[in-house]
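**Q**
In this note's numbering, the protein residues as written are 33 to 408.
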């Protein structure tokens, strides 16, 4: 296994909400050392590519303004801190949408849960500005989805592809692709404000792509959900166990399906930070035995093992060893599972030739990826 570069090591150290004294000492050493000298430009690019620039910028700003750490590149720190400020402002608008959608769903008597960014930014991360979101993912049963669509239309949302001046209806081919290959309905969009020009809603009616041999029952996840309050907003969020299962399975989906891989979604540190922060925030409220029971109930040992095994390579303290061992034992060929990709798109799956940490931080590792035929 290749040794991590100074830039990658620093990124891992700062891609968490709580940095221990020992970790912070290592941060200072990396920043101030002469050899190998930190490439601040490369570090900023990595942070942006892995979608952790707001979180890292939040830490670096405090190092610059309160601790006066030697060796900091002030322009890069200011650039990354601006990512935090912009995310904070954008998420203020998204919080208003979370509340509006939750209220509209309640008025219609349907159950809608916030997942991924809408859940994590306001219920897991202590600073919403540290967790960016591209759209707002909501989970609803397939039966209640048409009612939610009508409620969203009442809030000004329109199905289609947004441009600078309009929202263009989907073509027949795009609509057919969504129906056959998507776990969600076509996105609904509306024009927002300066910090969030387009607000997109991703209506999830399943937590797995069709035809992939596994699924997570939406009704069960909704039944386990709890209500969370952030300021004046109140909305449903998944239980800690279901959140970990969902996020780990999502990593599996985006790391093995070509249409996601070709957009770099298999190499985003934020996806792993999300799970680590759910685990940290839940603490003893996350019951690993219950998580394993639900993995068996949902028949998702492979996808969950995939996500959590790679998480432990990045953050060794995020997953208990016995829980990961139990998941591994549920998988017939665990090592093959961790290295294969393209099994849903190609006649024969491909296998990575580099170890996980090497390829995860090396964008050139993707140069031989096959093209995707996806329409969305």
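We put the CB at the ideal spot given by N, CA and C, even for glycine.
In terms of DSSP beta bridges, what is residue 216 paired with?
**A** As a working mapping, residue 216 is identified with position 184 in the chain shown. 236.
**Q** Return yes when the Cβ of residue 366 is within less than 8 Å of the Cβ of residue 320, no when it is not.
**A** Within the chain shown, the letter at position 288 stands for residue 320. Within the chain shown, the letter at position 334 stands for residue 366. No; because the gap between Cβ atoms is not below 8 Å, this pair is not in contact.
**Q** When the Cα of residue 257 is compared with those of 277, 110, 104 and 271, which residue comes out closest?
**A** Here residue 257 corresponds to residue number 225 of the chain shown, with the count starting at 1. Out of 277, 110, 104 and 271, 271 has the C-alpha closest to the C-alpha of residue 257.
**Q** With residue 370 as the anchor, note down where its alpha helix (DSSP H) starts and where it stops.
**A** Start at 1 with the first residue of the chain shown, and residue 370 comes out as number 338. That run of the alpha helix (DSSP H) goes 366-371.
**Q** According to DSSP, simplified to helix, strand and coil, what is residue 228?
**A** Residue 228 sits at position 196 when you count from the first residue of the chain shown. Residue state for residue 228 is assigned as strand, using DSSP reduced to three classes.
**Q** Could you tell me whether the stretch 225-233 touches the stretch 111-130, using the rule of 3 or more Cβ pairs below 8 Å?
**A** Flag = yes, the stretch 225-233 and the stretch 111-130 touch.
**Q** Return the bridge partner residues of residue 191 from the DSSP annotation.
**A** Position 159 of the chain shown, counted from the first residue, corresponds to residue 191. In the DSSP output, where bridge partners are listed per residue, residue 191 has 220.
**Q** What's the gap between the Cα of residue 218 and the Cα of residue 243?
**A** By one-based count along the chain shown, residue 218 stands at place 186. By one-based count along the chain shown, residue 243 stands at place 211. Roughly 19 Å separates the two Cα atoms.
**Q** Using beta-carbon positions only, say whether residue 35 and residue 62 come within less than 8 Å of one another.
**A** Here residue 35 corresponds to residue number 3 of the chain shown, with the count starting at 1. Here residue 62 corresponds to residue number 30 of the chain shown, with the count starting at 1. For residue 35 and residue 62, no; Cβs fall outside 8 Å.
**Q** Count the other C-beta atoms from every protein chain shown that fall within 10 angstroms of the C-beta of residue 300, then say buried if there are 16 or more, exposed otherwise.
**A** Residue mapping note: residue 300 aligns to position 268 of the chain shown, counting from 1. So residue 300 counts as buried.
**Q** Need the endpoints of the alpha helix (DSSP H) that residue 305 sits in, please.
**A** As a working mapping, residue 305 is identified with position 273 in the chain shown. 301-314 is the span of the alpha helix (DSSP H), which, as asked, contains residue 305.
**Q** Nearest to residue 216 by alpha carbon, out of 200, 167 and 306?
**A** Stepping through the chain shown from its first residue, residue 216 is reached at position 184. Looking at the Cα atoms, 167 is the closest of the given residues.
**Q** To the nearest angstrom, how far is the alpha carbon of residue 49 from that of residue 305?
**A** What you label residue 49 is simply residue 17 of the chain shown in a count that begins at 1. What you label residue 305 is simply residue 273 of the chain shown in a count that begins at 1. Going by the C-alpha atoms only, they are around 9 Å apart.
**Q** Which value, in whole angstroms, describes the spacing of the CA atoms of residue 183 and residue 302?
**A** Counting from 1 along the chain shown, the entry for residue 183 is found at position 151. Counting from 1 along the chain shown, the entry for residue 302 is found at position 270. Between residue 183 and residue 302, the C-alpha separation is close to 31 Å.
**Q** Considering only the alpha carbon of each residue, which of 189, 287 and 232 lies closest to residue 382?
**A** Within the chain shown, the letter at position 350 stands for residue 382. For residue 382, the nearest C-alpha among the options comes from 287.
**Q** Whole angstroms are fine: how far does the CA of residue 403 sit from the CA of residue 336?
**A** In the chain shown, the residue the question calls residue 336 occupies position 304. In the chain shown, the residue the question calls residue 403 occupies position 371. One Cα belongs to residue 336, the other to residue 403, and the distance between them is close to 26 Å.
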